[in-house]
């Protein structure tokens, strides 16, 4: 079955610094890949998704992710962190279009220091 | 437009008690899902419903039952709660769309503690 590994349960950056959250996946077929963000005491919100159209995917709030098949990676980046980016981020993988087999990573908590 | 709503927000149960978590969506989505979120484990799918009248097991269905009451509502029932079911439960919905692979929309969650 497909799976996701997020490297680093906690990441801390200074405001204005580059944000890099790492995600590696395992899948037996070309995957669908997602990044979700969760703010405290809220549900998950989709940041961006990869569905084989383009390897560099742009999402909301200035985030983007690049699908690298050779590295089985889908890392999330943002050039300049903002205090409002502090949240927990989840990478997820699915092998079907209908989401019924979604597998989430354990999450990375992002802290942004002033 | 409320999106996905869940009740209750918080619940404390004693071992062996039963309860039902309620979920409703107003986006006319066909698919609905129940997940549990545990520290260090991300979200795991408990059950899903691809359409009204159908339900299927997900990754961790043991100890749970579900009912897709109508297109809007999808409930999760714990018949005999156990401490291992202490978790945050999220309901989600989505519309199947092969062309755009629509996202799942999540509710705010129910925090359940079983003593």
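Chains as they are written, first to last, in the working numbering: chain B, 20 to 133; chain S, 1371 to 1485.
Here a beta-carbon is modelled for each residue, glycine too, at the ideal position from N, C-alpha and C.
Among the residues of chain S, none has a CB under 9 Å from the CB of residue 40 of chain B; the nearest is roughly 14 Å distant. When Cβ-Cβ separations below 8 Å define contact, residue 1378 of chain S makes no contact with chain B. Put simply, of B:101, B:35, B:37 and B:109 the residue whose alpha carbon is nearest the alpha carbon of residue 1411 of chain S is B:109. Using a Cβ-Cβ cut-off of 8 Å, residue 1394 of chain S does not count as an interface residue toward chain B, since no Cβ of chain B sits closer than that to its own. For residue 49 of chain B, the number of other beta carbons within 10 angstroms of its own is below 16, and it is reported as exposed. Annotation: Cβ neighbours of residue 124 of chain B in chain S (cutoff 8 Å, chain order): 1412.
Boundaries cannot be given for residue 1442 of chain S, as no beta strand (DSSP E) includes it and DSSP labels it neither H nor E. In terms of Cα proximity to residue 1457 of chain S, the closest of S:1373, S:1375, S:1424 and S:1430 is S:1430. Put simply, the backbone Cα of residue 1418 of chain S is about 18 Å away from that of residue 1449 of chain S. For residue 97 of chain B, the uninterrupted beta strand (DSSP E) run begins and ends at 92–97, by DSSP. When only Cα atoms are considered, residue 1462 of chain S and residue 1437 of chain S end up about 14 Å apart. Interface flag for residue 119 of chain B against chain S is set, since a Cβ pair is found closer than 8 Å. Annotation: residue 1446 of chain S to residue 31 of chain B spans about 37 Å, alpha carbon to alpha carbon. Residue environment for residue 1402 of chain S: buried (at least 16 other C-beta atoms within 10 angstroms of its C-beta). Annotation: the continuous beta strand (DSSP E) that includes residue 43 of chain B extends over 38–45.
For residue 82 of chain B against residue 93 of chain B, the beta-carbon gap comes to about 12 Å, at or over 8 Å, which does not count as contact.
Residue-level contact check: residue 61 of chain B touches chain S, since one or more beta carbons of chain S fall below 8 Å from its beta carbon.
By the criterion of a C-beta distance shorter than 7 Å, residue 1397 of chain S is surrounded in its chain by 1373, 1463 and 1475, once the five residues flanking it on both sides are discounted. The beta carbon of residue 22 of chain B lies closer than 6 Å to those of 45 and 122 in the same chain, with the five residues before and after it left out.
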